[in-house]
Amino acid sequence: MKKIIATLTAILAMGFSSSFAGTLVINTDLTDPAPKAAFEWAFNKFQEENPDVTIEVNNFDHEGYKQAIRNFLTTSPPDVFNWYAGNRMLPFVRAGLVEDVSDIWSDTGWVDGNLTEGMSHAKKPMTIGGKQWGIPYTYYQWGVYYRKDIFAANGISVPTTWDEFVAACATLKAAGVTPITIGSKYLWTTAGVFDYLNLRTNGYEFHMALTKGEIPYTDPRVHAVFDKWDELVKPGYFLENHASLAWQEAIPPMINGEAAMYVMGNFSVALFKEGGLTNDNLGFFQFPEITPGIPMAEEAPTDTMHIASGAKNKTDAKRFLIFLSRADVQEEMNKTLGQLPVNSGSKVDPDPFLEAGLNMLNNAYAMAQFYDRDAPAEMASEGMKGFQEYMVNPDRRDKILERLEKVRQRVYK
Amino acid sequence: MGWFSTTPFLNVPNSTQITYRKSSWWKLNQQRLTPWIFLFPGLLLFLVYVIWPIFNSLYISLLQWDGLSPAIYVGLSNYIELLDDEYFYISLMNNLKWLILFMLAVPIGLGLAIFLNQTIFGIRLIKSLFFFPFVISQVVIGIIFSWFYNPRGVIGPFLDKLGLSNYAILADENFATYGIIFAGIYPQIAYCMILYLTGLNNLNTDQIEAGRMDGAKGFSLFKNIILPQLKPATFLAIVVTVIGSLRSFDMVAIMTQGGPYGSTNVLAYYMFETALSEYGYRMGYGSAIAAVLFTIMMFYILFFIYRMYQSEKKGL
Numbered sequence: 001m002k003k004i005i006a007t008l009t010a011i012l013a014m015g016f017s018s019s020f021a022g023t024l025v026i027n028t029d030l031t032d033p034a035p036k037a038a039f040e041w042a043f044n045k046f047q048e049e050n051p052d053v054t055i056e057v058n059n060f061d062h063e064g065y066k067q068a069i070r071n072f073l074t075t076s077p078p079d080v081f082n083w084y085a086g087n088r089m090l091p092f093v094r095a096g097l098v099e100d101v102s103d104i105w106s107d108t109g110w111v112d113g114n115l116t117e118g119m120s121h122a123k124k125p126m127t128i129g130g131k132q133w134g135i136p137y138t139y140y141q142w143g144v145y146y147r148k149d150i151f152a153a154n155g156i157s158v159p160t161t162w163d164e165f166v167a168a169c170a171t172l173k174a175a176g177v178t179p180i181t182i183g184s185k186y187l188w189t190t191a192g193v194f195d196y197l198n199l200r201t202n203g204y205e206f207h208m209a210l211t212k213g214e215i216p217y218t219d220p221r222v223h224a225v226f227d228k229w230d231e232l233v234k235p236g237y238f239l240e241n242h243a244s245l246a247w248q249e250a251i252p253p254m255i256n257g258e259a260a261m262y263v264m265g266n267f268s269v270a271l272f273k274e275g276g277l278t279n280d281n282l283g284f285f286q287f288p289e290i291t292p293g294i295p296m297a298e299e300a301p302t303d304t305m306h307i308a309s310g311a312k313n314k315t316d317a318k319r320f321l322i323f324l325s326r327a328d329v330q331e332e333m334n335k336t337l338g339q340l341p342v343n344s345g346s347k348v349d350p351d352p353f354l355e356a357g358l359n360m361l362n363n364a365y366a367m368a369q370f371y372d373r374d375a376p377a378e379m380a381s382e383g384m385k386g387f388q389e390y391m392v393n394p395d396r397r398d399k400i401l402e403r404l405e406k407v408r409q410r411v412y413k
Numbered sequence: 414m415g416w417f418s419t420t421p422f423l424n425v426p427n428s429t430q431i432t433y434r435k436s437s438w439w440k441l442n443q444q445r446l447t448p449w450i451f452l453f454p455g456l457l458l459f460l461v462y463v464i465w466p467i468f469n470s471l472y473i474s475l476l477q478w479d480g481l482s483p484a485i486y487v488g489l490s491n492y493i494e495l496l497d498d499e500y501f502y503i504s505l506m507n508n509l510k511w512l513i514l515f516m517l518a519v520p521i522g523l524g525l526a527i528f529l530n531q532t533i534f535g536i537r538l539i540k541s542l543f544f545f546p547f548v549i550s551q552v553v554i555g556i557i558f559s560w561f562y563n564p565r566g567v568i569g570p571f572l573d574k575l576g577l578s579n580y581a582i583l584a585d586e587n588f589a590t591y592g593i594i595f596a597g598i599y600p601q602i603a604y605c606m607i608l609y610l611t612g613l614n615n616l617n618t619d620q621i622e623a624g625r626m627d628g629a630k631g632f633s634l635f636k637n638i639i640l641p642q643l644k645p646a647t648f649l650a651i652v653v654t655v656i657g658s659l660r661s662f663d664m665v666a667i668m669t670q671g672g673p674y675g676s677t678n679v680l681a682y683y684m685f686e687t688a689l690s691e692y693g694y695r696m697g698y699g700s701a702i703a704a705v706l707f708t709i710m711m712f713y714i715l716f717f718i719y720r721m722y723q724s725e726k727k728g729l
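Sequence order for the protein chains is X and E.
Numbering follows our numbering, with no gaps: position 205 of the first sequence is 205.
Here our numbering runs 413 ahead of the position in the second sequence, where the first position is 1.
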């Protein structure tokens with residue numbers, strides 16, 4: 001219902017919006033309190049700086065937006081809309097619905113243009129076919145969240161190598177604590193584990209090649225990833241019954257002290273803290289090294305802003321994108337979002353998780369978007385189903401990988 | 414023709430010219446046309462919202478199309494792919510499980526109806542409570558049952574006593590479907606029950622008395638006298654139950670999303686997943702699944718219409 005109302009409101013708003021120059025129509029799905037507040041601030045600030053522009057916002061329900069975007073981009077395109085980097089924007093770019101914004105990424109005369117300067121490390125995920133199709137305004141790190149007190153009680157220090165990590169799991173298991181909690185009902189959590197095992201075993205280039213469909217899933221290097229995964233799955237280091245739990249439902253075991261670690265994104269911190277954990281007993285560490293010498297790449301899913309190719313007011317839309325890329329704007333917005341600014345000139349709040357994340361990402365060799373954003377949707381969905389099945393039945397690995405290979409050959413042909 | 418066309422002659426006998434004009438083409442054909450005019454709005458909606466989408470889906474099932482890019486005609490390759498799709502067979506098998514187990518709702522509903530068909534104080538309230546599951550939304554039932562099944566939820570302590578501690582049926586690929594069917598049957602029983610309750614209200618007491626006099630009692634009275642009289646209710650109950658089982662979607666979507674790893678998928682949900690979910694947008698493939706589901710339902714519906722036609726011919 002909420003979705004329908006949101007869509008209706010949006011349609012009405014689009015219908016009545018006057019199209020004279022100076023009106024900037026923005027479609028977003030920022031219904032959660034934090035993003036909403038952050039963007040309200042940004043909209044006001046932009047209007048303050050550009051009194052000649054009137055901003056009109058059509059706010060969609062988050063889930064409904066994924067459906068709505070396909071409709072509004074083809075039928076009544078806004079000027080600006082938010083979406084995600086990597087392969088997620090590919091279908092829209094390929095269908096010619098997204099505006100090429102390469103000119104603001106390099107110095108072509110736009111005031112404060114030349115975005116490459118502050119955000120060169122995030123340029124790759126915005127690039128398709130050598131052109132940039134939007135700008136990133138926030139991202140967050142993935143890694144391992146853990147219970148400091150449980151680690152201390154069992155004499156475990158933060159693992160930095162794979163052997164230490166597996167040993168820590170063994171110690172925890174022996175102490176009656178589930179080493180790693182996970183809820184895989186909605187599948188994507190399994191991809192987080194797979195991605196990190198893959199990034200650490202084979203490296204970033206391999207991750208990109210795999211998600212681009214250049215490597216068969218039956219490749220020995222993919223098997224190597226599952227060999228590592230076996231070391232965690234076969235001794236039962238993951239939470240039981242994870243297939244019936246949503247990612248949030250896997251958090252209480254950690255809050256209760258029944259589980260000690262969670263391979264997750266930084267957005268989980270809010271839930272941990274709501275459950276009663278504090279900076280004293282909740283910690284974060286980088287996913288440990290597996291193959292020594294492979295540069296450490298991280299998962300950092302990036303939220304982005306784009307211009308529709310059918311936009312009526314492309315000039316102001318570009319000015320808005322440049323505005324959103326500015327260090328001071330990203331700094332202020334991400335303070336409200338509780339996430340990391342992409343612009344390297346921005347600072348973050350003194351929060352141990354954000355600081356750890358910023359530090360980790362600024363030193364990262366490269367940033368992966370996440371399996372389901374780097375791989376095409378179809379491959380991602382089959383892949384994640386396979387990961388979940390593997391985590392429940394590790395013996396079926398060969399069968400699963402053969403099936404994924406079949407899907408790969410179909411999807412990328 | 415009826416009195417319509419003749420009335421003007423009777424009313425205006427002295428003005429033949431006007432009469433002649435009044436018995437125009439419209440007047441002559443009015444009776445034949447009127448039903449069509451009344452049917453027209455309904456037929457139009459039926460064409461636009463039922464017939465056209467059916468043919469359009471069949472057409473889309475021959476395409477490779479993501480809803481954005483231009484569609485490519487691929488002939489029957491979607492169907493050929495379907496034949497080699499593990500998940501498709503899993504979904505088909507699950508549909509079969511749904512169909513068979515859902516039938517249990519009919520006898521259970523009948524049992525409950527007979528149990529509730531008595532006149533004691535407060536029986537109306539009790540009847541409404543039994544009917545309640547059908548009134549609440551499927552989504553709510555799905556969520557509540559997910560809580561039930563959660564090992565930390567309501568049935569956790571009982572499972573512990575059975576030595577099945579930490580058993581989550583919805584995470585077990587072999588039994589998750591049964592868990593969902595059980596949740597789905599819960600409102601369906603209430604539906605069948607209400608159908609039978611109305612049937613029981615209309616029983617012919619003379620026949621029962623006659624049967625009693627002839628010495629029928631207990632099960633034989635039920636089987637030979639009551640059940641035949643409930644035939645219309647049984648027929649309806651079976652029809653709604655079969656349709657309910659074939660279009661099972663909401664429970665799957667709410668409780669497992671087809672998981673773990675596709676093991677609880679049914680055709681309706683699999684179709685949605687491939688064509689419309691976040692990772693889907695294979696319109697052609699989804700339509701091909703829809704076509705298969707449509708064919709299965711069509712067989713059933715044709716059989717149903719044939720039966721109805723036969724019994725109408727017999728004048729039953």
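Every residue, glycine too, gets a C-beta built ideally from N, C-alpha and C.
All values reported here derive from a predicted model rather than from experimental measurement.
What separation, rounded to the nearest whole angstrom, lies between the Cα atoms of residue i and residue j?
i: E:Tyr528; j: E:Asp663; result: It should be pointed out that residue 528 of chain E corresponds to Phe in this sequence rather than to Tyr. When rounded, the distance between both Cα atoms is 30 Å.
i: E:Ile674; j: X:Gly257; result: The question names Ile, but residue 674 of chain E is Tyr in the sequence shown. Approximately 29 Å, taken between the alpha carbons.
i: E:Met606; j: E:Leu649; result: 11 Å
i: E:Arg565; j: E:Thr647; result: 40 Å
i: X:Trp133; j: E:Val652; result: 54 Å
i: X:Val25; j: X:Trp83; result: 15 Å
i: E:Ile485; j: E:Tyr492; result: 15 Å
i: E:Leu489; j: E:Gly693; result: 20 Å
i: X:Glu402; j: X:Thr218; result: 6 Å
i: X:Asn50; j: X:Glu40; result: 15 Å
i: E:Met626; j: E:Ile521; result: 29 Å
i: X:Gly64; j: E:Lys726; result: 51 Å
i: X:Leu97; j: X:Pro78; result: 11 Å
Is the shortest distance between the beta-carbon of residue i and the beta-carbons of chain E less than 8 Å?
i: X:Asn82; result: no
i: X:Tyr186; result: yes
i: X:Arg408; result: no
i: X:Glu298; result: no
i: X:Asn241; result: yes
i: X:Arg319; result: no
Is there a Cβ from chain X that is less than 8 Å from the Cβ of residue i?
i: E:Arg537; result: no
i: E:Asn614; result: no
i: E:Pro570; result: no
i: E:Asp479; result: yes
i: E:Ala646; result: no
i: E:Gln551; result: no
i: E:Gln670; result: yes
i: E:Leu583; result: yes
i: E:Pro466; result: no
How is residue i classed by DSSP in three states: helix, strand or coil?
i: E:Leu529; result: helix
i: X:Met261; result: strand
i: X:Glu298; result: strand
i: X:Glu56; result: strand
i: X:Arg403; result: helix
i: E:Glu691; result: coil
Would you call the CB atoms of residue i and residue j closer than 8 Å?
i: X:Met254; j: X:Arg94; result: no
i: E:Ile639; j: E:Leu495; result: no
i: X:Glu249; j: X:Gly183; result: yes
i: X:Glu299; j: X:Gly192; result: yes
i: X:Ala266; j: X:Phe353; result: Per the sequence shown, residue 266 of chain X should be read as Asn rather than Ala. Contact flag set, yes.
i: E:Met684; j: E:Gly480; result: no
i: E:Lys510; j: E:Thr590; result: yes
i: X:Val348; j: X:Leu358; result: yes
i: X:Phe285; j: X:Phe46; result: no
Check whether chain A comes within 8 Å of residue i, counting only Cβ atoms and requiring the distance to be less than that.
i: X:Val392; result: Protein chains in the displayed structure are X and E, and chain A is not among them.
Report yes or no: do the segment 592–601 of chain E and the segment 542–550 of chain E share at least 3 C-beta pairs separated by less than 8 Å? yes
Would you say the segment 121–138 of chain X touches the segment 162–178 of chain X, given that touching needs at least three Cβ pairs under 8 Å? no
Across the segment 189–203 of chain X and the segment 287–303 of chain X, are there enough close Cβ pairs to call them in contact, namely three or more that are closer than 8 Å? yes
Any contact between the segment 111–121 of chain X and the segment 53–62 of chain X? By contact I mean 3 or more CB pairs, one from each, below 8 Å. no
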